[in-house]
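Q: Take this structure, written in structure tokens, and hold onto it; I'll ask about it next.
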Amino acid sequence: MIVNTVSLKAFAQQNKAVQPVVKAKPATTTVKPVAKTSKATVSKSSGLLDSITASKYSKTGLPQKKSSDSLSKTDSDLKKSSKATTPTGAKAAASDSLVARTEGGGPTTVKSAQSVTGKSVSAKKGTGKIDPKFVTKKDEKPKATPKLPTNIITKNAVGVLKLGTDIDTIKKLYPKERVYRVYIYDQNTKYLQYQVMASDKVTPFLNITQDCVTDSVCLIKQIMVKHPYFKTDRDIKVGNTLDDLFLAYGYLGSRWEEENLIVSNEEGLDFIMDTSQIPKRWYKKMNLDRLPLPTKIIGIQISIVE
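Per this note's numbering, the sequence shown starts with residue 36, numbered consecutively.
Listed below in structure tokens is the structure:
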């Protein structure tokens with residue numbers, strides 16, 4: 036088969052004329068300038084946002100948020116108020132430190148401001164602030180010391196009757212018909228003793244011995260309790276036993292005085308014991324440790340130690 040080469044070349048040239056060659060252009064990026072928003076636009080948008088927010092919260096029932104305009108107004112008001120109330124000089128430093136300590140949970144008094152600044156702060160007239168240093172408590176009364184009951188025995192007193200007071204105190208406390216003057220004879224001397232009876236005027240109540248400093252001044256030297264009305268601070272009274280004494284005071288001493296067996300404690304109280312029921316064998320050694328525990332107390336005595 037014989038191909039016509041001339042016709043093929045002519046066909047190729049026709050195709051080139053019909054389909055032009057398209058060259059690829061380099062890729063280019065275009066950047067659009069950002070449009071500037073004016074203040075009016077911002078305010079309009081913020082106002083629109085506030086209106087949308089308000090309508091949203093009104094529908095839901097939640098508390099509305101403050102807008103940016105109200106916040107800016109609040110800040111400006113705070114600045115104005117702080118400028119108007121800020122003092123000058125040393126008072127300004129003290130007040131500023133006081134505010135700072137108050138915000139931080141520290142002391143809130145004028146005295147605390149002084150400790151921070153090291154300067155004194157005086158209150159202005161009409162402000163109602165007073166320096167606590169100059170506050171006088173006129174209404175406060177001194178605390179009264181608690182009074183002991185009138186039937187307590189101590190080393191210095193029996194009730195309200197005290198050792199060393201005038202002997203005439205007896206006449207003020209007890210009626211005349213209950214007080215008897217009795218002379219007691221000792222081995223060498225005699226002395227006057229006042230015997231006070233109970234309300235029945237028969238039962239012995241107190242025996243009081245005096246010591247005369249001068250012819251006209253006599254003081255109470257010794258008081259012996261004979262009635263169970265009076266008691267110690269540990270509830271020991273006439274009629275209790277030696278066993279009760281040991282339980283109340285622990286260590287006890289003993290001695291004989293004017294034919295009386297006296298058991299004493301460390302506080303200076305003397306307890307006169309009933310020796311009528313003590314067995315005779317006890318007198319051989321007179322050891323307190325072997326004294327029968329049921330031995331009763333027939334008197335409690337206090338005296339001025341010379």
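We treat Cβ as the ideally placed atom computed from N, Cα and C, and that holds for glycine.
#1: Since F27 and V193 should fall inside the 8 Å C-beta cutoff, what is the C-beta to C-beta distance between them, to a whole number of angstroms?
#2: In chain order, what residues of the same chain lie with their CB nearer than 8 Å to the CB of T276, ignoring the 5 residues before and after it?
#3: Comparing alpha-carbon positions, which option in I205, D279, Q228 lies nearest R216?
#4: Taking the C-alpha atoms as reference points, what is the distance between I337 and S289?
#5: Please list, in chain order, all residues of the same chain as D268 whose beta carbon is under 7 Å from its beta carbon, the five residues on each side excluded.
#6: Starting from T204, trace the beta strand (DSSP E) in both directions and tell me its first and last residue.
#7: Mapping the DSSP letters down to three states, classify Q269 as helix, strand or coil.
#8: Just the C-alpha distance for Q245 and C253, rounded to the nearest angstrom, thanks.
#9: Output yes or no for whether 7 Å exceeds the beta carbon distance between Y209 and V231.
#10: Which residues does DSSP list as the beta-bridge partners of L288?
#11: For the beta strand (DSSP E) containing R216, name the first residue and the last one.
#12: Tell me the residue span of the beta strand (DSSP E) that contains D305.
#13: By Cβ distance below 7 Å, which residues in the same chain neighbour A226 in space, the five residues on each side in sequence not counted?
#14: Within its chain, find whatever has a CB closer than 7 Å to the CB of T310; leave out the 5 residues flanking it on each side and keep chain order.
#15: Taking the continuous beta strand (DSSP E) assigned at I313, which residues delimit it?
#16: With a CB to CB cut of under 6 Å and the five nearest residues on each side skipped, what residues in its chain are close to L198?
#17: For K272, collect the residues of the same chain with a Cβ closer than 6 Å to its Cβ; drop the 5 residues on either side in sequence, then sort them by chain order.
#18: Would you tell me roughly how many angstroms separate the C-alpha atoms of Q312 and D235, rounded to the nearest one?
#19: Where do the ends of the beta strand (DSSP E) carrying L326 lie?
A: Reading it off the structure:
#1: Because the chain here runs from 36 to 341, residue 27 falls outside it and cannot be looked at.
#2: Taking the sequence shown and counting its residues from 1, one reaches residue 276 at position 241. Taking T276 as the centre and dropping the five residues before and after it, the same chain places the C-beta of L328, P329, T330, K331, I332 closer than 8 Å to its C-beta, in chain order.
#3: By 1-based counting over the sequence shown, the position of residue 216 is 181. The option with the nearest alpha carbon to R216 is Q228.
#4: For the purposes of this step, residue 337 is taken as the residue at position 302 of the sequence shown. For the purposes of this step, residue 289 is taken as the residue at position 254 of the sequence shown. If I take the Cα positions, the gap works out to 15 Å.
#5: Translated into the one-based positions of the sequence shown, residue 268 becomes position 233. Cβ within range, chain order: I187.
#6: Locating residue 204 in the sequence shown gives position 169, counting from the first residue. Unbroken run through T204 is the alpha helix (DSSP H), 204-208; no beta strand (DSSP E).
#7: Locating residue 269 in the sequence shown gives position 234, counting from the first residue. Reading the sequence as shown, one finds Arg at residue 269 and not Gln. Coil, per DSSP.
#8: Position 210 of the sequence shown holds residue 245. Position 218 of the sequence shown holds residue 253. Between Q245 and C253, the C-alpha separation is close to 6 Å.
#9: To locate residue 209, count along the sequence shown from 1; it is residue 174. To locate residue 231, count along the sequence shown from 1; it is residue 196. In contact: Y209 and V231 (Cβ atoms closer than 7 Å).
#10: By 1-based counting over the sequence shown, the position of residue 288 is 253. Reading off the sequence shown, one finds Gly at residue 288, where the question assumed Leu. Beta-bridge pairing links G288 to S299.
#11: Within the sequence shown, residue 216 is the residue found at index 181, counting from 1. That run of the beta strand (DSSP E) goes 214-220.
#12: In the sequence shown, the residue the question calls residue 305 occupies position 270. Here the beta strand (DSSP E) through D305 covers 305-308.
#13: Taking the sequence shown and counting its residues from 1, one reaches residue 226 at position 191. According to the sequence shown, residue 226 is Tyr rather than Ala. Contacts found: I219, T244.
#14: Indexing the sequence shown from 1 puts residue 310 at position 275. For T310, same chain residues with a beta-carbon under 7 Å away, outside a window of 5 residues either side, are L296 in chain order.
#15: Translated into positions along the sequence shown, residue 313 becomes position 278. That residue, I313, is in no beta strand (DSSP E); it is neither H nor E in DSSP.
#16: Taking the sequence shown and counting its residues from 1, the one referred to as residue 198 is at position 163. If we look at L198 and ignore the five residues flanking it on each side, its Cβ neighbours are N191, I255, I339.
#17: Here residue 272 refers to the residue found at position 237 of the sequence shown. Correct list, in chain order: P263, K266.
#18: Here residue 312 is taken as the residue at index 277 of the sequence shown, counted from 1. Here residue 235 is taken as the residue at index 200 of the sequence shown, counted from 1. Our two residues, Q312 and D235, have alpha carbons roughly 28 Å apart in a direct line.
#19: Residue numbering aside, residue 326 sits at position 291 when the sequence shown is read from its first letter. Careful: L326 lies outside any beta strand (DSSP E) and carries neither H nor E.
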